[in-house]
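Trainee: Have a look at this one.
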Amino acid sequence: MVAKKQLINPRYGKAFHSIREEQGFSLDFFKSIISKATLSRFEQGQTTLSPDQLEEALHLMDLSIFTFLFLADNVPVYRRYGEVFQLLREQRAFELESFETINLSKLTIQKFEEGLIMLDFAQVESALQMMHIPLYEYTYLLDKGEGDYFSEIYKKVDHAYFSDDKEVLVNVYEEAILYDDFRMIALATKACYQQLTKEELEEVSGFLFGVEVWTNLELFVFNYTVSQLSYALVQSIWFDLFKEFSYFQDNREYRIRIVRSVVLTCFALLDKNDLALAEKFLYLTKEILQSTDEFTRCLFKFTESLLDYKQHQTTEALEKMKEVIHIFRFLGDDILADKYSRLLNQYIT
1 MVAKKQLINP RYGKAFHSIR EEQGFSLDFF KSIISKATLS RFEQGQTTLS PDQLEEALHL
61 MDLSIFTFLF LADNVPVYRR YGEVFQLLRE QRAFELESFE TINLSKLTIQ KFEEGLIMLD
121 FAQVESALQM MHIPLYEYTY LLDKGEGDYF SEIYKKVDHA YFSDDKEVLV NVYEEAILYD
181 DFRMIALATK ACYQQLTKEE LEEVSGFLFG VEVWTNLELF VFNYTVSQLS YALVQSIWFD
241 LFKEFSYFQD NREYRIRIVR SVVLTCFALL DKNDLALAEK FLYLTKEILQ STDEFTRCLF
301 KFTESLLDYK QHQTTEALEK MKEVIHIFRF LGDDILADKY SRLLNQYIT
């Protein structure tokens, strides 16, 4: 229930009048709830309505109090949410009225698409499900429509990491650390070429601890700091991620980031001579590998063979690692071939 003090505001009467006129309703339309004279005074800012009266009147116009307050208070809205929704709705041939079965009126959808109101997450997800559109596709289109600076940095750091290009990594760190929004990216980038300070590790640990929804940002930070984090935190994070693997099945970028993080976790455990635990972590990722993920399958096979070699020193395991490197070279990816050649020399010699 909306508190009464929230409704004593002349903007609310003005907003109600605007919506009523737009929908073509007369003052008499609401007479079962509010007298014509009272409603007229409300629209002129001369009186107030009780929360119950306002909600009932809005209900007659298929409008929720939540949507009304967005319109009346002129709350800033990220317009692209509605724009992308409209694009998908029209492409799938859904009408504005199509979502009334999930309690989203034509007017609500219209205002959302116009960028005047927001829908809550559950409403957006329900509407997307009606159109058989995965949430990740909707968020992907949101990102592609704007300058996705984070994604550009991820690509730059990934390339520099595999190339062992410290100069680029340092430049990214020095540029990103100047901005609060990019601080975690900066620290993750720094971790690619330098040990983080105790304070920086505490900051990263605090950021990652208790993450409920893993996006590319959190996975990126975890990816590049995993070898420096405490084992207790790493174990806790993987426990959460392994429970949510199904969430990442439809997003190739997330799958790659997760497998890369597992591989780096295995390398960190290998450095501590904990081969059994490294092997356990590696095999837990098998369910996320898909037939078209050749890159992650190569990483998995290289790491699997490395762990096998460290335990048994077999020629077969060594040849399998060389075969992965050969695949990268055959595909024309000299950067990955060189990176894993260096790793082979690091762990075998």
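Residue numbers (full-length UniProt numbering): 1 to 349.
We put the beta carbon where it would ideally sit given N, CA and C, even for glycine.
Since this is a predicted model, take the numbers as computed values, not measurements.
#1: Under the three-state reduction of DSSP, which class applies to phenylalanine 99: helix, strand or coil?
#2: Relative to the C-alpha of aspartate 240, which residue among Glu212, Leu229, Thr225 is closest?
#3: Output the boundary residues of the alpha helix (DSSP H) element that contains glutamine 311.
#4: Should lysine 36 be labelled buried (16 or more other beta-carbon atoms within 10 Å of its own) or exposed?
#5: Might you give, ordered along the chain, the residues of its own chain that have their beta carbon closer than 6 Å to the beta carbon of leucine 344, omitting 5 neighbours on each side?
#6: Run the CB neighbour count on glutamate 95, radius 10 Å, all protein chains shown included, and call it buried at 16 or more, exposed below.
#7: List, from N- to C-terminal side, the alpha helix (DSSP H) runs of 4 residues or more that fit wholly inside the segment 58-95.
#8: Grab me the residues of glycine 82's own chain with a C-beta within less than 6 Å of its C-beta, minus the 5 sequence neighbours each way, in chain order.
#9: Can you tell me where the alpha helix (DSSP H) holding threonine 108 begins and where it ends?
#10: Going by CA-CA distance only, name the one from Val172, Leu178, Gln228 that's closest to alanine 191.
#11: My guess is that phenylalanine 328 and leucine 336 are in contact by the Cβ rule of under 8 Å, so how many angstroms apart are they, rounded?
#12: Give me the Cα-Cα distance between phenylalanine 330 and tyrosine 309, rounded to the nearest whole angstrom.
#13: Can you tell me whether DSSP reads leucine 116 as helix, strand or coil?
#14: So, with DSSP's three-state summary, where would you put serine 246?
#15: Which of helix, strand or coil does DSSP assign to aspartate 165?
#16: Determine the direct distance from the alpha carbon of lysine 286 to that of valine 172, and round the result to whole angstroms.
#17: Given a cut-off of 9 Å, decide if isoleucine 109 and phenylalanine 121 are closer than it, judged by their beta-carbon atoms.
#18: Cβ atoms of lysine 339 and phenylalanine 222: under 9 Å apart, would you say?
#19: Considering methionine 321, what are the terminal residues of the alpha helix (DSSP H) in which it resides?
#20: Where does tyrosine 193 fall in DSSP's three states?
#21: Could you give the distance in angstroms between the alpha-carbon of lysine 14 and the alpha-carbon of methionine 118?
#22: Counting only runs of 4+ residues fully inside the segment 250-281, write out the alpha helix (DSSP H) ranges in chain order.
#23: For tyrosine 12, which three-state DSSP category applies?
#24: Beta-carbon within less than 8 Å of glutamate 56's beta-carbon, same chain only, minus the 5 sequence neighbours each way: which residues are those?
#25: Restricting to Cα atoms, I'd like to know which of Thr315, Tyr347, Ile325, Gly210 is closest to asparagine 273.
#26: From what residue to what residue does the alpha helix (DSSP H) around threonine 215 run?
#27: Buried or exposed: which applies to threonine 101, given that a residue is buried once 16 or more other Cβ atoms fall within 10 Å of its Cβ?
#28: Just to confirm, are phenylalanine 220 and tyrosine 179 a CB contact at a threshold of 9 Å?
#29: Between which two residues does the alpha helix (DSSP H) holding leucine 289 run?
#30: Among the residues of its own chain, which have a CB less than 7 Å from the CB of tyrosine 136, if the five just before and after it don't count?
#31: Looking at the structure shown, is methionine 1 part of a helix, part of a strand, or coil, going by DSSP?
#32: I'd like to know whether the C-beta atoms of threonine 296 and arginine 260 end up nearer to each other than 9 Å.
#33: Phenylalanine 66 and tyrosine 42 - do their beta-carbons sit closer together than 9 Å?
Mentor: Reading off the structure:
#1: helix
#2: Glu212
#3: 294-312
#4: exposed
#5: Met321
#6: Classification for glutamate 95: exposed.
#7: Listed in chain order, the complete alpha helix (DSSP H) runs (minimum 4 residues) inside the segment 58-95 are 65-73, 80-91.
#8: Phe112, Glu113, Gly115
#9: 106-113
#10: When only C-alpha atoms are compared, the closest one is Gln228.
#11: Between phenylalanine 328 and leucine 336 a beta carbon distance of about 4 Å is seen, short of the 8 Å cut, so the two are scored as contacting.
#12: 24 Å
#13: DSSP places leucine 116 in the coil class of the three-state scheme, outside both helix and strand.
#14: helix
#15: coil
#16: 33 Å
#17: It is not a contact, given that the beta carbons lie outside the stated cut-off.
#18: No, the Cβ-Cβ distance between phenylalanine 222 and lysine 339 is not below 9 Å.
#19: 315-330
#20: coil
#21: 20 Å
#22: 252-271
#23: helix
#24: Ile33
#25: Considering only alpha carbons, the answer is Tyr347.
#26: Looking at the DSSP string, threonine 215 is not in any alpha helix (DSSP H), and its letter there is neither H nor E.
#27: It counts as exposed.
#28: No, the pair does not count as a contact, with Cβ atoms beyond the cut-off.
#29: Element bounds for leucine 289: n/a, residue is neither H nor E.
#30: Asp250, Asn251
#31: Only weak support exists for where methionine 1 lies, its pLDDT of 42 falling under 50; the coordinates are left without a value.
#32: yes
#33: In the sequence as displayed, the identity of residue 42 is phenylalanine instead of tyrosine. It is not a contact, given that the beta carbons lie outside the stated cut-off.
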